[in-house]
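J.:
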Amino acid sequence: MGLTRLLALVRKEFLALFRDPKSRMILIMPPLIQLVVFSYAATLEVRNVDVMVLNRDSGHWGAELTSRIEASPQFHLVQRTDDPAELREAIDREWVIAAVEIGADFSRDIESGVTAEMAVILDGRRSNASQIVSGYISSIAAGLAADTPAGQRLATVRVGTVARNWFNPNLEFKWFMVPGLVASIAMLVGLLVTSLSIARERELGTFDQLMVSPLRTHEILIGKVIPPILIGFLHITLFILAAVWIFGIPLRGSVIALYAAAFFYLVSLVGFGLFISALAATQQQAILGAFLFLVPAMLLSGFATPIANMPGWLQVLTYVNPLRYFLVIVRGVFLKDIPLAEIIAETAPMAVIAAITLPAAGWLFRSRLE
Amino acid sequence: MTTLRRGRVRRLTALIRKESFQIIRDPSSILIALVLPLILLFLFGYGVSLDTSRTNVGLVLEETTPVTLELAASFQNSRYFDVTVGHDRREFAEDLVQSRIGGILVIPNGFTADLTAARHPAVQVIVDGADPNTANFVQNYAAGTVSTWEAQRAAERALTATPLLVQQRFWFNPELKSRNFLVPGSIAIVMTLVGTLLTSMVIAREWERGTMEAMMATPVTAWELLAGKIVPYFLLGLASMSLCVGLAVFLFGVPFRGSILALYALSAAFLMPSLGQGLLISAVTKNQFLASQLALLSGFLPSFLLSGFIFEINSMPLVIQYVSMIVPARYLIPSLQSVFLAGDIWPMFLRSILVLLGFGLVLFAVAIRKTAKRIT
Chain C
-9 MGLTRLLALV RKEFLALFRD PKSRMILIMP PLIQLVVFSY AATLEVRNVD VMVLNRDSGH
51 WGAELTSRIE ASPQFHLVQR TDDPAELREA IDREWVIAAV EIGADFSRDI ESGVTAEMAV
111 ILDGRRSNAS QIVSGYISSI AAGLAADTPA GQRLATVRVG TVARNWFNPN LEFKWFMVPG
171 LVASIAMLVG LLVTSLSIAR ERELGTFDQL MVSPLRTHEI LIGKVIPPIL IGFLHITLFI
231 LAAVWIFGIP LRGSVIALYA AAFFYLVSLV GFGLFISALA ATQQQAILGA FLFLVPAMLL
291 SGFATPIANM PGWLQVLTYV NPLRYFLVIV RGVFLKDIPL AEIIAETAPM AVIAAITLPA
351 AGWLFRSRLE
Chain W
485 MTTLRRGRVR RLTALIRKES FQIIRDPSSI LIALVLPLIL LFLFGYGVSL DTSRTNVGLV
545 LEETTPVTLE LAASFQNSRY FDVTVGHDRR EFAEDLVQSR IGGILVIPNG FTADLTAARH
605 PAVQVIVDGA DPNTANFVQN YAAGTVSTWE AQRAAERALT ATPLLVQQRF WFNPELKSRN
665 FLVPGSIAIV MTLVGTLLTS MVIAREWERG TMEAMMATPV TAWELLAGKI VPYFLLGLAS
725 MSLCVGLAVF LFGVPFRGSI LALYALSAAF LMPSLGQGLL ISAVTKNQFL ASQLALLSGF
785 LPSFLLSGFI FEINSMPLVI QYVSMIVPAR YLIPSLQSVF LAGDIWPMFL RSILVLLGFG
845 LVLFAVAIRK TAKRIT
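Listed in order, the protein sequences are those of chains C and W. Every letter in the first sequence is one number past the one before it in my numbering, and letter 104, counting from 1, is 94. So my numbering is basically just the index in the second sequence, starting at one, shifted up by 484.
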């Protein structure tokens, strides 16, 4: 008996979600737009930047350095100038991110074996990008230094570094971003659908009808929980397919383990969503509540910036964030084929979160009814 | 003539008063205009940091000689690394897989012999490519540490002077704190939330409830009606911005080197397209739910992603770079960061202000047309 009632309710929820063009829209359009825009736009790589060279040196080495900078594939436009005021203006107005200043004695110093100096001026307003640009320029300078007479004498003992990039040989940023999106977009959709479900019925007045039906309270709750979980699985599946086939990201680990972890992830999210739904009186409040949860959850998850960079007290707060754990699992399963033990270790906290949020939401829901 | 104008002024002030009461009474506007900005600012001030301050790395000494110990010491003294020393790379493999460390530095067997025989020895830098940003930093800093060590050695043995010295000068933000540019950037996001999200939702609610039509039946003209709506939200936007600037300067210690005039001129200019967009969204959707979704998708997300706030626009595919040109925040954020960190750069600010006002004009014109059509 209970099961048929439950199935009927789940069916009704799905019909309500997919028949309403508005909610159909939030299920399909935003996730797709986000996947595309995020995957291509959200990159911390630095390419195609413009730089400026102020060369006061009339000798060979200044010209050589300038032409090596111009030949670098990392830079889009290399402007030359003779005027320090122009250099200042170009940096001030963000026309260039960096400027290289070569002094008048540059070639003479190099040829006479004295340490030659060059200055790199970088825009600290974009300190992350400019540090990377500074790395590019330093390696061009190191290449030039090795070719100088003094450098060639030194080269007999030259020590280098050999880079080995595990899991992502070309350090492609997409390989980091797209698996993260599988987790975070599923959160966005799952949470919005759940938090709106009860609020919408309240606003439309159909909630009272549901209450006088033979359904028991816990059945209503279960009926409200199942559709968002299924929709979450649908999105996760779609995004995994897109990640593998459109973005060409390797899927190296166990898909079954990924789905098992995804179940706990979605249940813990739905717990939060139901909580918001029980608190909200209107759809507008539900949307704002969801937004208020989603923004911190995204920023404090390791999705874009590492948790290790946060202050200690804020790191503690990330422990209640399901996305934090699922991100490790998704990225791990995609790129690293992490061992099952680690998947379980990251899944357990999500199960604990679900075991707290779901009953709490149920309790709040019931107490708001009375 | 004068009575007509006086009537107009009276109607407008009455409308603004009514609207202001509504803002104060409505919990959601307080939430968006005060609580959300505070949360966002805290998150960007404390939570989001791109400063790879110290990365945990494993250092593998496959051979222990005076030379390798010396090199190991310079890794240990580096301000970029927290080093754990081992003698076998397998000790650290699992740590790297589980992201407990950002990289493994291996000084290989035969390093000393290769060095004395001038056979180009190399330190291996194994990084976790699953986190490309950290991986890049570890590689750069490891290479930097090795070449510094090498230069010192050469100088000590008086072999020759270092041929080339690169001086780095980071203008405006010499400590390289990412907070210094993230916090000013997040103020633009806050103004987008107030201007676009809040405005579109509140006006859409009026359409939904039919109070908009009720207002139309009064002698108020469409222009006055919209002005009455816009002025309070404009002021609210500026108030939100002022709150954020206060926090940025006094709590987060972000330097403020420009002028208050430039700050308010830029912010006021930015609120034009932002409010225009909110108005347009509400007139098109006439529905709170759709309005909020559209506002987030066309306002919040582009301001966040396509404005140069965190992600470099130059590095994006060309198509997305073109799309970013119609994102108002793209014109505000560099100027806002400059007001804080660089000081007044008026040629840059004036250009931003002109572009923003242009966007505002277009959006308002379309929004008013849409609203006027709704009435007839």
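The beta-carbon is built from N, C-alpha and C at its ideal position, and this holds for glycine as well. Owing to the predicted nature of the structure, the values given are computational and were not obtained by experimental measurement.
The alpha helix (DSSP H) with W:Gly762 in it runs from where to where?
T.: Counted from its first residue, the second sequence places residue 762 of chain W at position 278. W:Gly762 -> alpha helix (DSSP H) spans 744 to 769.
J.: Is the beta carbon of C:Leu241 closer than 8 Å to that of C:Phe163?
T.: Here residue 163 of chain C refers to the residue found at position 173 of the first sequence. Here residue 241 of chain C refers to the residue found at position 251 of the first sequence. Not in contact: C:Phe163 and C:Leu241 (Cβ atoms no closer than 8 Å).
J.: Near W:Ala775, what residues of its chain come up, given a Cβ to Cβ distance below 7 Å and the 5 sequence neighbours on each side ignored?
T.: For the purposes of this step, residue 775 of chain W is identified with residue 291 of the second sequence, where counting begins at 1. Closer than 7 Å at Cβ, skipping near neighbours: Ser684, Met685, Ala688, Ile765, Ser766, Thr769.
J.: Under 8 Å between the Cβ atoms of C:Ile239 and C:Pro169?
T.: As a position in the first sequence, residue 239 of chain C is number 249, starting the count at 1. As a position in the first sequence, residue 169 of chain C is number 179, starting the count at 1. In contact: C:Ile239 and C:Pro169 (Cβ atoms closer than 8 Å).
J.: Anything in chain W within Cβ reach of C:Ile328, meaning under 9 Å, just list it in chain order.
T.: Residue numbering aside, residue 328 of chain C sits at position 338 when the first sequence is read from its first letter. By Cβ distance, chain W contributes Val581, Gln582.
J.: From which residue to which residue does the beta strand (DSSP E) around C:Val43 run?
T.: Here the question's residue 43 of chain C lines up with position 53 in the first sequence. Where C:Val43 is concerned, the enclosing beta strand (DSSP E) stretches over 39 to 45.
J.: Relative to chain W, which residues along the stretch 254 to 282 of chain C have a C-beta separation below 8 Å, given in chain order?
T.: Against chain W - using a Cβ distance shorter than 8 Å - the residues of the stretch 254 to 282 of chain C are Gln273, Gln274, Gln275, Ile277, Leu278, Phe281, Leu282.
J.: Quick check on C:Arg356 - is its C-beta less than 8 Å from some C-beta in chain W?
T.: Numbered from 1 along the first sequence, position 366 holds the residue referred to as residue 356 of chain C. Chain W contact via Cβ: absent.
J.: At the level of alpha carbons, what is the spacing between C:Asp47 and C:Leu289?
T.: Locating residue 47 of chain C in the first sequence gives position 57, where the first residue counts as 1. Locating residue 289 of chain C in the first sequence gives position 299, where the first residue counts as 1. So the two alpha carbons sit approximately 48 Å from each other.
J.: What is the DSSP secondary structure of C:Met364, counted as helix, strand or coil?
T.: This structure leaves residue 364 of chain C out entirely; chain C is present only between -9 and 360.
J.: Going by beta-carbon coordinates alone, are W:Pro668 and W:Phe824 separated by less than 8 Å?
T.: Position 184 of the second sequence, counted from the start, is the residue given in the question as residue 668 of chain W. Position 340 of the second sequence, counted from the start, is the residue given in the question as residue 824 of chain W. In contact: W:Pro668 and W:Phe824 (Cβ atoms closer than 8 Å).
J.: Under the DSSP definition of a beta bridge, which residues are partnered with C:Arg70?
T.: What you label residue 70 of chain C is simply residue 80 of the first sequence in a count that begins at 1. C:Arg70 pairs with C:Val43.
J.: Cα separation between C:Ala88 and C:Ser120?
T.: Taking the first residue of the first sequence as 1, we reach residue 88 of chain C at position 98. Taking the first residue of the first sequence as 1, we reach residue 120 of chain C at position 130. For C:Ala88 and C:Ser120, the distance between alpha carbons rounds to 7 Å.
J.: Kindly indicate the opening and closing residues of the alpha helix (DSSP H) around C:Trp353.
T.: On the first sequence, residue 353 of chain C is found 363 positions in, with the first residue counted as 1. Residues 330 to 359.
J.: Cβ closer than 8 Å: which chain W residues qualify as neighbours of C:Gln69?
T.: In the first sequence, the residue the question calls residue 69 of chain C occupies position 79. Here the premise fails: no neighbours, minimum Cβ distance about 15 Å.
J.: Report all residues from its chain with a CB closer than 8 Å to the CB of W:Val551; omit the five preceding and five following residues, and keep chain order.
T.: By one-based count along the second sequence, residue 551 of chain W stands at place 67. So the qualifying residues of the chain are Phe595, Thr596, Leu599.
J.: Measure the Cβ-Cβ separation of C:Ala341 and C:Gly261 and say whether it is below 8 Å.
T.: Counting from one through the first sequence, the residue named residue 341 of chain C turns up at place 351. Counting from one through the first sequence, the residue named residue 261 of chain C turns up at place 271. Their beta carbons are not under 8 Å apart, which means C:Ala341 does not touch C:Gly261 by this criterion.
J.: First and last residue of the beta strand (DSSP E) that includes W:Asp868?
T.: Since the first and last residues shown for chain W are 485 and 860, residue 868 of chain W lies out of range.
J.: Which of helix, strand or coil does DSSP assign to W:Thr539?
T.: Reading the second sequence from its first residue, position 55 is the one you call residue 539 of chain W. Strand.
J.: Hey, is the stretch 532 to 547 of chain W in contact with the stretch 581 to 596 of chain W, meaning 3+ C-beta pairs nearer than 8 Å?
T.: Verdict: yes, contact present.
J.: Name, please, each residue of chain W whose Cβ falls closer than 9 Å to the Cβ of C:His66.
T.: Walking along the first sequence from the start, residue 66 of chain C turns up at place 76. The answer, in chain order, is Asn798.
J.: Of the choices W:Thr487, W:Thr618, W:Gly721, whose alpha-carbon is the least far from that of W:Ser448?
T.: Outside the shown range of chain W (485 to 860) lies residue 448 of chain W, about which nothing can therefore be said.
J.: Quick one: residues in its chain with C-beta nearer than 8 Å to the C-beta of C:Ile297, no 5 flanking neighbours on either side, listed in chain order?
T.: Taking the first residue of the first sequence as position 1, residue 297 of chain C is located at position 307. Once the five neighbours on either side are set aside, the close Cβ partners of C:Ile297 are Leu290, Ser291, Gln305, Thr308, Arg314.
J.: Over what stretch of residues does the alpha helix (DSSP H) that includes W:Glu478 continue unbroken?
T.: What is shown of chain W runs 485 to 860, which leaves residue 478 of chain W out entirely.
J.: Under 8 Å, CB to CB, which of the residues in the stretch 597 to 613 of chain W have a partner in chain C?
T.: Listed in sequence order: Leu599, Ala602, His604, Pro605, Ala606, Val607, Gln608, Val609, Ile610, Val611, Asp612, Gly613.
J.: I'd like to confirm the pairing. Which residues does DSSP put opposite C:Glu91 in its beta bridges?
T.: Numbered from its first residue, the first sequence carries residue 91 of chain C at position 101. Answer by DSSP bridge pairing, in chain order: C:Leu44, C:Ala109.
J.: CA-CA distance, W:Gly694 and W:Thr705?
T.: For the purposes of this step, residue 694 of chain W is taken as residue 210 along the second sequence, with counting starting at 1. For the purposes of this step, residue 705 of chain W is taken as residue 221 along the second sequence, with counting starting at 1. Looking at the two C-alpha atoms, the distance is approximately 17 Å.
J.: On the DSSP bridge list, what partners appear for W:Gly587?
T.: As a working note, residue 587 of chain W is residue 103 in the second sequence. According to DSSP, W:Gly587 bridges with W:Val541, W:Val611.
J.: Taking a cut of 7 Å between CB atoms, which residues from the stretch 203 to 223 of chain C lie near chain W?
T.: Flagged: no residues at all.
J.: Using C-beta distances below 6 Å, list every residue in its chain close to C:Asp327, excluding the 5 sequence neighbours before and after it, in chain order.
T.: Counting from one through the first sequence, the residue named residue 327 of chain C turns up at place 337. Taken in chain order, the residues that qualify are Arg242, Gly243.
J.: Taking C:Thr184 as the reference, which of C:Ile130, C:Leu269, C:Asp198 has the closest Cα?
T.: By one-based count along the first sequence, residue 184 of chain C stands at place 194. Considering only alpha carbons, the answer is C:Leu269.
J.: Which complete beta strand (DSSP E) runs does the stretch 136 to 192 of chain C hold, if anything under 3 residues is left out?
T.: Qualifying beta strand (DSSP E) stretches, in chain order: 150 to 156.
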